[in-house]
Amino acid sequence: MSRHVLNVLRVSRLPIYTQLHLEEALLRATKDNWLIINDGAFNPAIVVGISGRPTELIKCNEALRYGIQAIRRFTGGGTVVIDHDTVFCTLIMDGSVLPHVECFPQPIMAWTERLYRPAFAAAGCPDFALRENDYIIAEGRKVGGNAQAITGRRWLHHTSFLWDFDPERMGLLRQPAKAPQYRQGRNHFDFVTRLRDVLPSPGSRQRLVDAVVDAAANLAGIEVQERTLADAAAALRQPQLLLGTKLLDLREFLRPGEGPS
1 MSRHVLNVLR
11 VSRLPIYTQL
21 HLEEALLRAT
31 KDNWLIINDG
41 AFNPAIVVGI
51 SGRPTELIKC
61 NEALRYGIQA
71 IRRFTGGGTV
81 VIDHDTVFCT
91 LIMDGSVLPH
101 VECFPQPIMA
111 WTERLYRPAF
121 AAAGCPDFAL
131 RENDYIIAEG
141 RKVGGNAQAI
151 TGRRWLHHTS
161 FLWDFDPERM
171 GLLRQPAKAP
181 QYRQGRNHFD
191 FVTRLRDVLP
201 SPGSRQRLVD
211 AVVDAAANLA
221 GIEVQERTLA
231 DAAAALRQPQ
241 LLLGTKLLDL
251 REFLRPGEGP
261 S
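In full-length UniProt numbering, the protein residues as written are 1 to 261.
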(Lines of atoms letter the chains of each structure in order from A and count residues from 1; the text may use other names and numbers.)
(Lines give C-alpha, C1' and ligand atoms only; values in the text may rest on other atoms or scores of the structure.)
Protein backbone atom coordinates (compact mmCIF):
# COMPACT_ATOMS: atom_id res chain seq x y z
CA MET A 1 0.00 0.00 0.00
CA SER A 2 1.46 3.35 -1.03
CA ARG A 3 2.08 5.96 1.61
CA HIS A 4 1.23 9.65 1.48
CA VAL A 5 4.17 12.01 1.03
CA LEU A 6 4.84 14.67 3.65
CA ASN A 7 7.25 17.24 2.24
CA VAL A 8 9.61 18.61 4.88
CA LEU A 9 11.21 22.02 4.49
CA ARG A 10 13.79 23.10 7.04
CA VAL A 11 14.98 26.70 6.84
CA SER A 12 16.55 29.21 9.18
CA ARG A 13 16.07 32.97 9.48
CA LEU A 14 13.43 33.14 6.75
CA PRO A 15 11.52 36.45 7.09
CA ILE A 16 8.12 35.77 8.61
CA TYR A 17 6.36 37.84 5.94
CA THR A 18 7.90 35.59 3.26
CA GLN A 19 7.06 32.47 5.24
CA LEU A 20 3.40 33.42 5.60
CA HIS A 21 3.07 34.09 1.86
CA LEU A 22 4.71 30.75 1.12
CA GLU A 23 2.44 28.86 3.51
CA GLU A 24 -0.73 30.37 2.10
CA ALA A 25 0.35 29.58 -1.47
CA LEU A 26 1.07 25.96 -0.54
CA LEU A 27 -2.32 25.69 1.17
CA ARG A 28 -4.40 27.24 -1.60
CA ALA A 29 -2.53 26.50 -4.82
CA THR A 30 -1.37 22.90 -4.26
CA LYS A 31 -2.68 19.58 -2.99
CA ASP A 32 0.60 18.69 -1.30
CA ASN A 33 1.30 18.02 2.37
CA TRP A 34 4.04 20.01 4.09
CA LEU A 35 5.88 20.31 7.36
CA ILE A 36 7.77 23.60 7.42
CA ILE A 37 10.22 24.41 10.20
CA ASN A 38 11.77 27.88 10.23
CA ASP A 39 14.38 28.08 12.98
CA GLY A 40 14.14 31.78 13.78
CA ALA A 41 12.85 34.77 11.82
CA PHE A 42 15.20 37.13 10.00
CA ASN A 43 13.94 40.22 11.82
CA PRO A 44 11.60 40.95 14.76
CA ALA A 45 7.92 41.52 14.03
CA ILE A 46 4.51 41.75 15.64
CA VAL A 47 2.07 39.42 13.87
CA VAL A 48 -1.68 39.94 14.27
CA GLY A 49 -4.44 37.47 13.38
CA ILE A 50 -6.70 38.19 10.44
CA SER A 51 -9.48 39.70 12.57
CA GLY A 52 -7.30 41.25 15.28
CA ARG A 53 -7.63 44.96 16.08
CA PRO A 54 -4.18 46.53 16.45
CA THR A 55 -5.46 49.30 18.75
CA GLU A 56 -6.60 46.65 21.24
CA LEU A 57 -3.59 44.37 20.88
CA ILE A 58 -0.51 46.55 20.33
CA LYS A 59 0.90 49.61 22.08
CA CYS A 60 1.10 51.23 18.67
CA ASN A 61 2.89 54.39 19.78
CA GLU A 62 5.64 52.44 21.53
CA ALA A 63 5.91 49.97 18.66
CA LEU A 64 6.42 52.83 16.20
CA ARG A 65 9.15 54.31 18.35
CA TYR A 66 10.76 50.89 18.57
CA GLY A 67 10.64 50.51 14.79
CA ILE A 68 9.31 46.95 14.75
CA GLN A 69 7.55 45.55 11.70
CA ALA A 70 3.82 44.79 12.03
CA ILE A 71 2.03 42.17 9.92
CA ARG A 72 -1.53 40.92 9.59
CA ARG A 73 -1.45 37.22 8.74
CA PHE A 74 -4.03 35.23 6.79
CA THR A 75 -4.99 32.99 9.74
CA GLY A 76 -6.95 33.63 12.91
CA GLY A 77 -5.58 33.41 16.43
CA GLY A 78 -3.85 35.86 18.71
CA THR A 79 -1.02 38.35 18.44
CA VAL A 80 2.61 37.28 18.75
CA VAL A 81 5.99 38.97 18.91
CA ILE A 82 8.53 36.95 16.96
CA ASP A 83 12.25 37.14 16.27
CA HIS A 84 15.33 34.96 15.70
CA ASP A 85 14.54 33.05 18.89
CA THR A 86 11.12 31.89 17.71
CA VAL A 87 10.92 28.39 16.23
CA PHE A 88 8.10 28.15 13.69
CA CYS A 89 6.43 24.84 12.85
CA THR A 90 3.72 24.65 10.18
CA LEU A 91 1.65 21.68 9.03
CA ILE A 92 -0.25 21.90 5.75
CA MET A 93 -2.33 18.80 5.16
CA ASP A 94 -4.95 17.42 2.82
CA GLY A 95 -7.83 15.89 4.73
CA SER A 96 -7.63 12.67 2.73
CA VAL A 97 -4.27 11.89 4.36
CA LEU A 98 -5.81 11.91 7.85
CA PRO A 99 -9.39 10.72 7.34
CA HIS A 100 -9.80 10.17 11.09
CA VAL A 101 -9.13 13.88 11.78
CA GLU A 102 -12.15 16.08 11.12
CA CYS A 103 -11.37 19.35 9.33
CA PHE A 104 -12.40 21.50 12.28
CA PRO A 105 -10.19 23.48 14.68
CA GLN A 106 -10.38 21.29 17.79
CA PRO A 107 -9.80 17.89 16.13
CA ILE A 108 -6.85 19.37 14.24
CA MET A 109 -5.47 20.87 17.44
CA ALA A 110 -5.79 17.56 19.27
CA TRP A 111 -3.99 15.73 16.47
CA THR A 112 -1.09 18.19 16.48
CA GLU A 113 -0.70 17.68 20.23
CA ARG A 114 -0.31 13.95 19.61
CA LEU A 115 2.36 14.74 17.02
CA TYR A 116 4.35 17.22 19.08
CA ARG A 117 4.13 15.55 22.50
CA PRO A 118 6.58 12.69 21.72
CA ALA A 119 8.89 15.16 19.97
CA PHE A 120 9.09 17.32 23.08
CA ALA A 121 9.53 14.24 25.26
CA ALA A 122 12.43 13.09 23.07
CA ALA A 123 14.01 16.53 23.40
CA GLY A 124 13.73 16.40 27.21
CA CYS A 125 10.35 18.01 27.98
CA PRO A 126 7.88 15.25 28.97
CA ASP A 127 5.09 17.50 30.30
CA PHE A 128 4.20 19.20 27.00
CA ALA A 129 0.41 19.44 26.55
CA LEU A 130 -2.43 21.28 24.86
CA ARG A 131 -4.47 23.66 27.03
CA GLU A 132 -7.40 25.34 25.31
CA ASN A 133 -5.72 26.62 22.10
CA ASP A 134 -2.14 26.85 23.39
CA TYR A 135 0.77 24.51 23.96
CA ILE A 136 1.91 24.58 27.57
CA ILE A 137 4.31 22.95 29.98
CA ALA A 138 4.31 22.56 33.77
CA GLU A 139 1.85 24.67 35.73
CA GLY A 140 0.22 26.15 32.64
CA ARG A 141 3.10 28.17 31.23
CA LYS A 142 2.63 28.85 27.53
CA VAL A 143 5.44 27.86 25.15
CA GLY A 144 3.62 27.98 21.82
CA GLY A 145 0.75 29.83 20.20
CA ASN A 146 -1.28 28.41 17.32
CA ALA A 147 -3.35 29.63 14.40
CA GLN A 148 -5.21 27.81 11.65
CA ALA A 149 -6.73 28.14 8.21
CA ILE A 150 -9.19 25.58 6.86
CA THR A 151 -10.36 25.55 3.25
CA GLY A 152 -12.52 22.67 2.13
CA ARG A 153 -10.64 19.48 2.92
CA ARG A 154 -7.28 21.20 3.31
CA TRP A 155 -5.97 22.76 6.48
CA LEU A 156 -3.00 24.62 7.85
CA HIS A 157 -1.87 24.72 11.45
CA HIS A 158 1.08 26.89 12.36
CA THR A 159 2.81 27.43 15.67
CA SER A 160 5.34 29.87 17.07
CA PHE A 161 7.39 28.17 19.79
CA LEU A 162 9.13 30.56 22.17
CA TRP A 163 12.69 29.36 22.46
CA ASP A 164 13.50 32.75 23.96
CA PHE A 165 12.00 36.23 23.89
CA ASP A 166 12.97 39.83 24.47
CA PRO A 167 11.01 41.32 27.41
CA GLU A 168 11.14 44.82 25.90
CA ARG A 169 9.57 43.63 22.66
CA MET A 170 7.05 41.46 24.50
CA GLY A 171 6.06 44.59 26.40
CA LEU A 172 4.83 46.16 23.14
CA LEU A 173 1.69 44.00 23.39
CA ARG A 174 -1.40 45.00 25.31
CA GLN A 175 -3.09 42.46 27.54
CA PRO A 176 -5.95 41.22 25.33
CA ALA A 177 -9.54 41.69 26.45
CA LYS A 178 -10.26 38.10 25.47
CA ALA A 179 -7.82 35.59 26.91
CA PRO A 180 -7.84 31.85 27.64
CA GLN A 181 -9.31 30.93 31.01
CA TYR A 182 -6.12 29.25 32.18
CA ARG A 183 -4.25 32.57 31.81
CA GLN A 184 -6.10 33.76 34.95
CA GLY A 185 -5.23 37.41 34.38
CA ARG A 186 -1.47 36.82 34.37
CA ASN A 187 0.71 39.32 32.51
CA HIS A 188 2.82 38.20 29.56
CA PHE A 189 5.87 37.42 31.67
CA ASP A 190 4.00 35.22 34.15
CA PHE A 191 2.00 33.57 31.38
CA VAL A 192 4.71 32.52 28.91
CA THR A 193 8.01 30.77 29.47
CA ARG A 194 11.18 30.25 27.47
CA LEU A 195 11.90 26.81 26.07
CA ARG A 196 15.61 27.47 26.54
CA ASP A 197 14.95 27.40 30.31
CA VAL A 198 13.09 24.11 29.99
CA LEU A 199 15.64 22.51 27.64
CA PRO A 200 18.90 24.12 28.80
CA SER A 201 21.45 21.55 27.64
CA PRO A 202 23.71 22.42 24.67
CA GLY A 203 22.23 21.50 21.31
CA SER A 204 18.70 21.06 22.65
CA ARG A 205 17.19 23.53 20.17
CA GLN A 206 18.43 21.48 17.23
CA ARG A 207 17.38 18.26 18.97
CA LEU A 208 13.86 19.61 19.26
CA VAL A 209 13.73 20.47 15.55
CA ASP A 210 15.06 17.02 14.64
CA ALA A 211 12.58 15.36 17.02
CA VAL A 212 9.63 17.07 15.31
CA VAL A 213 10.75 15.70 11.94
CA ASP A 214 11.28 12.25 13.47
CA ALA A 215 7.78 12.32 14.99
CA ALA A 216 6.32 13.14 11.57
CA ALA A 217 8.31 10.31 9.99
CA ASN A 218 6.75 7.90 12.50
CA LEU A 219 3.19 8.73 11.47
CA ALA A 220 1.34 5.75 10.06
CA GLY A 221 0.97 5.86 6.29
CA ILE A 222 3.32 8.83 5.90
CA GLU A 223 6.57 9.02 3.95
CA VAL A 224 8.76 12.04 4.73
CA GLN A 225 10.68 13.66 1.87
CA GLU A 226 13.07 16.55 2.45
CA ARG A 227 12.54 19.54 0.12
CA THR A 228 14.29 22.82 -0.65
CA LEU A 229 12.98 26.36 -0.43
CA ALA A 230 13.02 26.47 -4.24
CA ASP A 231 10.75 23.41 -4.34
CA ALA A 232 8.21 25.08 -2.06
CA ALA A 233 8.44 28.51 -3.71
CA ALA A 234 7.07 27.12 -6.97
CA ALA A 235 3.60 27.49 -5.42
CA LEU A 236 4.03 31.28 -5.39
CA ARG A 237 4.11 31.32 -9.19
CA GLN A 238 0.55 30.05 -9.54
CA PRO A 239 -1.64 32.50 -11.52
CA GLN A 240 -4.43 34.44 -9.82
CA LEU A 241 -3.09 33.68 -6.38
CA LEU A 242 -4.42 36.19 -3.86
CA LEU A 243 -2.52 36.26 -0.57
CA GLY A 244 -4.08 37.53 2.64
CA THR A 245 -0.96 38.44 4.62
CA LYS A 246 -0.35 42.21 4.63
CA LEU A 247 2.04 44.69 6.18
CA LEU A 248 0.44 47.04 8.72
CA ASP A 249 1.16 50.74 9.09
CA LEU A 250 0.67 51.28 12.82
CA ARG A 251 0.32 55.04 12.30
CA GLU A 252 -3.19 54.28 11.06
CA PHE A 253 -4.08 52.82 14.46
CA LEU A 254 -2.83 55.48 16.83
CA ARG A 255 -5.29 56.53 19.49
CA PRO A 256 -6.35 60.20 19.71
CA GLY A 257 -3.52 62.32 21.06
CA GLU A 258 -0.89 59.70 20.33
CA GLY A 259 1.97 60.15 17.93
CA PRO A 260 5.44 58.67 17.58
CA SER A 261 8.12 60.85 19.07
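Even for Gly, the Cβ is constructed at its ideal location relative to N, Cα and C.
Do Val-8 and Arg-227 have their beta-carbon atoms positioned less than 8 angstroms apart in this structure?
Their beta carbons are under 8 angstroms apart, which means Arg-227 touches Val-8 by this criterion.
Under 6 angstroms Cβ to Cβ from Gln-69, same chain only, skipping five residues before and after it: list those, please.
Ala-45.
Note down the Cα distance separating Phe-120 from Asn-218, rounded to an integer number of angstroms.
The alpha-carbon atoms of Phe-120 and Asn-218 are separated by roughly 14 angstroms.
Buried/exposed call for His-21, threshold 16 Cβ in 10 Å
His-21 is buried by the Cβ-count criterion.
Backbone CA spacing between Thr-90 and Ala-220 [nearest angstrom]
C-alpha separation (whole angstroms): 19 angstroms.
May I have the straight-line CA-CA distance separating Arg-10 from Ala-235, to the nearest angstrom?
Distance from the CA of Arg-10 to the CA of Ala-235, rounded to the nearest whole angstrom, comes to 17 angstroms.
Where Glu-223 falls, given that 16 or more other Cβ within 10 Å makes a residue buried:
Flag for Glu-223 reads exposed.
For Asp-32, count neighbouring C-beta atoms within 10 Å of its own C-beta (all shown protein chains included) and say buried if the count is 16 or more, exposed if not.
Label assigned to Asp-32: buried.
Using the rule of at least 16 other Cβ atoms within 10 Å of the residue's Cβ for burial, across every protein chain shown, is Asn-187 buried or exposed?
Around the beta carbon of Asn-187, a 10 Å sphere encloses fewer than 16 other beta carbons of the protein chains shown; the residue is thus reported as exposed.
Beta bridge counterpart(s) of Ser-160 as assigned by DSSP
For Ser-160, the beta-bridge partners assigned by DSSP are Phe-88 and Gly-145.
Test item: CB-CB of Leu-208 and Ala-123 under 8 angstroms:
Yes, they are a contact pair.
Determine the extent of the alpha helix (DSSP H) in which Leu-115 is found, giving its start and end residues.
Leu-115 -> alpha helix (DSSP H) spans 105-123.
So, helix, strand or coil for Arg-227, using DSSP?
Reduced to three states, the DSSP call for Arg-227 is strand.
Residues of its chain near Asp-83, where Cβ-Cβ distance is below 8 angstroms and the 5 sequence neighbours each way are ignored:
These residues qualify, in order along the chain: Gly-40, Ala-41, Asn-43, Pro-44, Ala-45, Phe-165, Asp-166 and Arg-169.
Close beta carbons around Arg-13, own chain, < 6 angstroms, minus the five adjacent residues each side:
Here the set comprises Gly-40 and Phe-42.
Three-state secondary structure (DSSP) of His-21
Three-state result, His-21: helix.
Between the region 170-177 and the region 45-60, are three or more C-beta pairs nearer than 8 angstroms?
Enough Cβ pairs lie closer than 8 angstroms, so yes.
Exposed or buried, which one is Phe-161 when buried takes at least 16 other CB atoms within 10 Å?
So Phe-161 counts as buried.
Inter-residue Cα distance where the pair is Tyr-66 and Arg-205:
C-alpha separation (whole angstroms): 28 angstroms.
Rounded to whole angstroms, what is the Cα-Cα separation between Ile-137 and Ala-211?
So the alpha carbons of these two residues sit roughly 17 angstroms apart.
Phe-128: buried (16+ other C-beta within 10 angstroms of its C-beta) or exposed?
By the neighbour-count rule (16 or more Cβ atoms within 10 Å), Phe-128 is buried.
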